[in-house]
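Please read the structure below before turning to the comments.
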Amino acid sequence: MPGHKLGCGIPEEFLSSIEKLDLTEIPGLDDLHDPSGIIAKAQELAAGAFGAERSYFLVNGSTVGIHAAISAVCRPGQHLIVGRDSHSAVINGMLIAGVRPYYMMPGYTNTFGICTGITPWEVCRALDDIPDAAGVLITRPNYYGICCDIEEIAKIVHSKNKVLIVDEAHGPHFAFNRRLPVSALEAGADICIQSAHKTLPAFTQGAYLHIGSDRADMGRLEYFLEMYQTTSPSYMIMAFLDIARAIMQRQGTRLLDSLLDSLEACRNSFGGREMILDKAAVPGFDHDATRLTVNVGKLGMTGFEAERILRQRYNIQSEMSDASNVVFICTAADSPERVGILFAALEELRQAAGKSFGRDVDTRLKKEQAFSVFGERVHNCMRNMHAIMGNNRYELEPSDILNAEAERVRLENAAGRISKGIIAPYPPGIPLVCPGEAISRDAADLLTGVIQAGGRVHGISGGGTVAVIKR
Ligand SMILES: Cc1ncc(COP(=O)(O)O)c(C=O)c1O
Numbered sequence: 005m006p007g008h009k010l011g012c013g014i015p016e017e018f019l020s021s022i023e024k025l026d027l028t029e030i031p032g033l034d035d036l037h038d039p040s041g042i043i044a045k046a047q048e049l050a051a052g053a054f055g056a057e058r059s060y061f062l063v064n065g066s067t068v069g070i071h072a073a074i075s076a077v078c079r080p081g082q083h084l085i086v087g088r089d090s091h092s093a094v095i096n097g098m099l100i101a102g103v104r105p106y107y108m109m110p111g112y113t114n115t116f117g118i119c120t121g122i123t124p125w126e127v128c129r130a131l132d133d134i135p136d137a138a139g140v141l142i143t144r145p146n147y148y149g150i151c152c153d154i155e156e157i158a159k160i161v162h163s164k165n166k167v168l169i170v171d172e173a174h175g176p177h178f179a180f181n182r183r184l185p186v187s188a189l190e191a192g193a194d195i196c197i198q199s200a201h202k203t204l205p206a207f208t209q210g211a212y213l214h215i216g217s218d219r220a221d222m223g224r225l226e227y228f229l230e231m232y233q234t235t236s237p238s239y240m241i242m243a244f245l246d247i248a249r250a251i252m253q254r255q256g257t258r259l260l261d262s263l264l265d266s267l268e269a270c271r272n273s274f275g276g277r278e279m280i281l282d283k284a285a286v287p288g289f290d291h292d293a294t295r296l297t298v299n300v301g302k303l304g305m306t307g308f309e310a311e312r313i314l315r316q317r318y319n320i321q322s323e324m325s326d327a328s329n330v331v332f333i334c335t336a337a338d339s340p341e342r343v344g345i346l347f348a349a350l351e352e353l354r355q356a357a358g359k360s361f362g363r364d365v366d367t368r369l370k371k372e373q374a375f376s377v378f379g380e381r382v383h384n385c386m387r388n389m390h391a392i393m394g395n396n397r398y399e400l401e402p403s404d405i406l407n408a409e410a411e412r413v414r415l416e417n418a419a420g421r422i423s424k425g426i427i428a429p430y431p432p433g434i435p436l437v438c439p440g441e442a443i444s445r446d447a448a449d450l451l452t453g454v455i456q457a458g459g460r461v462h463g464i465s466g467g468g469t470v471a472v473i474k475r
């Protein structure tokens, strides 16, 4: 990220005098909070391009769209059914809105050591368990490009007359090529939020919120969008939301075809095909083939190590790494040459690993210690936590968590304490511990492992402390 790759995906004419796009609400330039001119027109064009009933420009990333969507759909005290693999934007959005989470557990693939996603069956079960929930929020695709069966999930959610919100932060490009997974809007999402800046030629913080049906209360949605967004929205961000839409509408299919062809060709000649995540590795799920997840654990190194080597030796910056994988976001701005350079480096890494890694690196041990998304051990720790907290329900109300006094304790002393904030390996920003949840010994050990292995964790300060609720 950002998806324009240092401007490669944007025609020079838009970049050469970029400062001239930094404007404000003077006559003729419309108003994001009450659009009737050029912004209204640009949003209408976006709705047409993405297949929405209506689209809104967001200048504070998908984060603000997720917050507004949750506030609009749920009333304080209501439940929202969400995957436990949701991004921190979702967890914070529920806290802000006073909404109680009802968590569905995602599946997990041992081969890659990552979460796959939520099955339609989980959604069915959750809706049966909590029939008065306001709606369901699904994250799709996840950071690794894995896509749950959103068409089936939409049918289930709508059969119960509930609203389906999809966090499609990583999938705004889906609408522009049939070789990619179906877009959430096409599958029936009522509200869909996309980070244009992640995979389209848009600027950081640029995002869209799309409406797919009349199930959501538009008055409430617009009320919260206005409340949560700045009164000084960046015209540069908004201009590039429009430019990204135009580029993708005109050339997206061709550019993505070229990207997919070069990825496929490189993958076919790569010696470690089985190291790359694809649809076959996640039965029951779809996969975005532009998202490259390479399991370097098979080479006897952690993703963190691979990321470091790629940056230092090959001048290649990956998007993220975890205990076993290194992840690359490939976009329409990546030429076949760039894809070729990446695969040449991966091939060298693979061959060098055969000689110098593997023998003396205990991958299994590293996998146990270093960790990015919650896996088997954390599933267990989550189950324990649910036992402590009582049948997958928060004992603490969101307002209790927000208003509780906090103190900082060292991570090694935090087991058994209730977390005040989100503790999330970053990226991907999926909380291992959410506010109001007990920090288990397993979680504390895993987080220590992530830091020791070179990962970053939001919620743990430089001094190794976490904020917990005062006893
Ligand atoms: C799944 C998911 N949802 C939401 C977000 C938040 O998006 P943004 O950074 O555009 O606010 C992210 C960011 O990484 C994400 O990965």
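Take 5 as the starting number for the sequence shown in our numbering and just add one per residue.
Ideal Cβ positions, reconstructed from N, Cα and C, are used throughout, including at glycine.
Problem - Sequence-distant residues of its chain with Cβ nearer than 6 Å to Ile433 (five each side left out) - result: Along the sequence shown, read from residue 1 onward, the residue named residue 433 stands at position 429. Note on residue identity: the sequence assigns Gly, not Ile, to residue 433. So the qualifying residues of the chain are His91, Ser92.
Problem - ligand 3 heavy atom lying under 7 Å from the CB of Glu311 - result: Ligand 3 is not part of this structure, which contains only ligand 1.
Exercise for the section: Taking all protein chains shown into account, decide if Ala53 is buried (16 or more other Cβ within 10 angstroms of its Cβ) or exposed. Expected result: Translated into the one-based positions of the sequence shown, residue 53 becomes position 49. The residue is buried, with at least 16 neighbouring Cβ atoms inside 10 Å.
Problem - Residues of its chain near Leu19, where Cβ-Cβ distance is below 7 Å and the 5 sequence neighbours each way are ignored - result: As a first step, residue 19 is located in the sequence shown; it is residue number 15 there, counting from the start. Excluding positions up to five away in sequence, the list reads Gly11.
Handout entry: Distance between Thr234 and Gln321 (C-alpha atoms, nearest Å)
Key = For the purposes of this step, residue 321 is identified with residue 317 of the sequence shown, where counting begins at 1. For the purposes of this step, residue 234 is identified with residue 230 of the sequence shown, where counting begins at 1. Computed Cα separation, rounded: 32 Å.
Practice task
Take every Cβ of the region 36-54, pair it with every Cβ of the region 246-262, and state whether three or more of those distances are shorter than 8 Å.
Solution key: yes
Handout entry: Contact test: Ile134 Cβ vs ligand 1 heavy atom, cutoff 7 Å
Key = As a working note, residue 134 is residue 130 in the sequence shown. Every heavy atom of ligand 1 is 7 Å or more from the Cβ of Ile134, so no.
Exercise for the section: Give me the Cα-Cα distance between Gln373 and Ala448, rounded to the nearest whole angstrom. Expected result: In the sequence shown, counting from the first residue as 1, residue 373 sits at position 369. In the sequence shown, counting from the first residue as 1, residue 448 sits at position 444. Reliability of the predicted coordinates at Gln373 is poor, the pLDDT of 36 falling under 50, and the value obtained from them is presented with this limitation in mind. Computed Cα separation, rounded: 11 Å.
Practice task
Measure the alpha-carbon distance for Pro340 versus Gly256 and round it to whole angstroms.
Solution key: Within the sequence shown, the letter at position 336 stands for residue 340. Within the sequence shown, the letter at position 252 stands for residue 256. Straight-line Cα distance between these residues: approximately 15 Å.
Practice task
Identify whether Asn114 lies in helix, strand or coil by the three-state DSSP scheme.
Solution key: Position 110 of the sequence shown, counted from the first residue, corresponds to residue 114. Looking at Asn114 - three-state DSSP - the assignment turns out to be coil, as it is neither helix nor strand.
Exercise for the section: Within 10 angstroms of the Cβ of Lys45, are there 16 or more other Cβ atoms? Answer buried if so, exposed if not. Expected result: Numbered from 1 along the sequence shown, position 41 holds the residue referred to as residue 45. It is exposed - the Cβ of Lys45 has fewer than 16 other Cβ atoms within 10 Å.
Practice task
Return the first residue and the last residue of the alpha helix (DSSP H) that Glu239 is part of.
Solution key: Locating residue 239 in the sequence shown gives position 235, where the first residue counts as 1. Going by the sequence as given, residue 239 is Tyr instead of Glu. Note, Tyr239: alpha helix (DSSP H), 239-273.
Problem - Cα-Cα separation between Val413 and Ile473, rounded to whole angstroms - result: For the purposes of this step, residue 413 is taken as the residue at position 409 of the sequence shown. For the purposes of this step, residue 473 is taken as the residue at position 469 of the sequence shown. About 10 Å.
Practice task
With DSSP as the reference, please indicate the residues paired to Tyr107 in a beta bridge.
Solution key: Here residue 107 corresponds to residue number 103 of the sequence shown, with the count starting at 1. In DSSP, Tyr107 forms a bridge with Val86.
Practice task
May I ask you to verify whether the region 133-153 touches the region 291-303, counting CB pairs closer than 8 Å and requiring at least 3?
Solution key: yes
Exercise for the section: Determine the closest residue to Val170 out of Lys24, Ile157, Val470, Phe116, with distance taken between C-alpha atoms. Expected result: Here residue 170 corresponds to residue number 166 of the sequence shown, with the count starting at 1. Closest option to Val170, Cα to Cα, is Ile157.
Problem - Identity of the residue in Ser465, Ala471, Glu441, Ile427 nearest Leu450 by Cα - result: Within the sequence shown, the letter at position 446 stands for residue 450. Comparing Cα-Cα distances from Leu450 to each of Ser465, Ala471, Glu441, Ile427, the minimum goes to Ile427.
Practice task
Could you pull the start and end residues of the alpha helix (DSSP H) that Asn96 belongs to?
Solution key: Indexing the sequence shown from 1 puts residue 96 at position 92. Taken as a continuous stretch (DSSP letters only), the alpha helix (DSSP H) holding Asn96 covers 92-101.
Problem - N-terminal and C-terminal residue of the alpha helix (DSSP H) that Arg317 is part of - result: Along the sequence shown, read from residue 1 onward, the residue named residue 317 stands at position 313. Per DSSP, Arg317 belongs to the alpha helix (DSSP H) from 307-318.
Exercise for the section: Within 10 angstroms of the Cβ of Leu267, are there 16 or more other Cβ atoms? Answer buried if so, exposed if not. Expected result: Numbered from its first residue, the sequence shown carries residue 267 at position 263. Buried is the call here.
Handout entry: Residue of Ser465, Ile241, Ile455, Ala336 minimising C-alpha distance to Thr208
Key = In the sequence shown, the residue the question calls residue 208 occupies position 204. Ranking Ser465, Ile241, Ile455, Ala336 by Cα distance to Thr208 puts Ile241 first.
Practice task
Output the distance between the C-alpha atoms of Ser328 and Asp282, rounded to the nearest integer angstrom.
Solution key: Reading the sequence shown from its first residue, position 324 is the one you call residue 328. Reading the sequence shown from its first residue, position 278 is the one you call residue 282. So the alpha carbons of these two residues sit roughly 16 Å apart.
Problem - Span separating the alpha-carbon of Ile100 from that of Ile443 - result: Counting from 1 along the sequence shown, the entry for residue 100 is found at position 96. Counting from 1 along the sequence shown, the entry for residue 443 is found at position 439. Whole-angstrom Cα-Cα distance: 22 Å.
Problem - From Asp89, Val343, Ile118, residue whose alpha carbon lies closest to that of Val437 - result: If you number the sequence shown from 1, residue 437 lands on position 433. Comparing Cα positions, the closest option is Asp89.
Handout entry: Span separating the alpha-carbon of Thr120 from that of Gly175
Key = In the sequence shown, residue 120 corresponds to position 116, counting from 1. In the sequence shown, residue 175 corresponds to position 171, counting from 1. Approximately 16 Å between the Cα atoms of the pair.
Handout entry: Span separating the alpha-carbon of Arg317 from that of Lys202
Key = For this step, residue 317 is matched to residue 313 along the sequence shown. For this step, residue 202 is matched to residue 198 along the sequence shown. When rounded, the distance between both Cα atoms is 25 Å.
Problem - Any non-hydrogen atom of ligand 1 within 7 Å of His177 CB - result: Within the sequence shown, numbered from 1, the residue matching residue 177 stands at position 173. No - ligand 1 has no heavy atom lying nearer than 7 Å to the Cβ of His177.
Exercise for the section: Can you tell me which of the three DSSP states Cys128 falls into? Expected result: The count along the sequence shown starts at 1 and reaches residue 128 at position 124. The answer is helix: DSSP assigns Cys128 an H, G or I state.
Practice task
Decide if Glu309 is buried, meaning its Cβ has at least 16 other Cβ atoms within 10 Å, or exposed.
Solution key: Taking the first residue of the sequence shown as position 1, residue 309 is located at position 305. Per the 10 Å Cβ criterion, buried.
Exercise for the section: Please classify Leu62: does DSSP put it in a helix, a strand, or coil? Expected result: The sequence position of residue 62 within the sequence shown is 58, counting from 1. In this structure, Leu62 counts as strand in the three-state DSSP scheme.
Practice task
Within the same chain, show all residues whose beta-carbon is closer than 7 Å to that of Ala419, passing over the 5 residues directly before and after it, in chain order.
Solution key: Taking the first residue of the sequence shown as 1, we reach residue 419 at position 415. Same-chain partners within the cutoff: Ile443, Ser444, Arg445, Ala448.
Exercise for the section: Report buried or exposed for His98, applying the criterion of at least 16 other Cβ atoms within 10 angstroms of its Cβ. Expected result: As a working note, residue 98 is residue 94 in the sequence shown. As written in the sequence, residue 98 is Met, which differs from the His given in the question. It is buried - the Cβ of Met98 has at least 16 other Cβ atoms within 10 Å.
Exercise for the section: Please list, in chain order, all residues of the same chain as Ala357 whose beta carbon is under 7 Å from its beta carbon, the five residues on each side excluded. Expected result: As a position in the sequence shown, residue 357 is number 353, starting the count at 1. Cβ within range, chain order: Leu303, Gly304, Met305.
Problem - Runs of beta strand (DSSP E) lying entirely within the region 148-206, each at least 3 residues, in chain order - result: 167-171, 195-198
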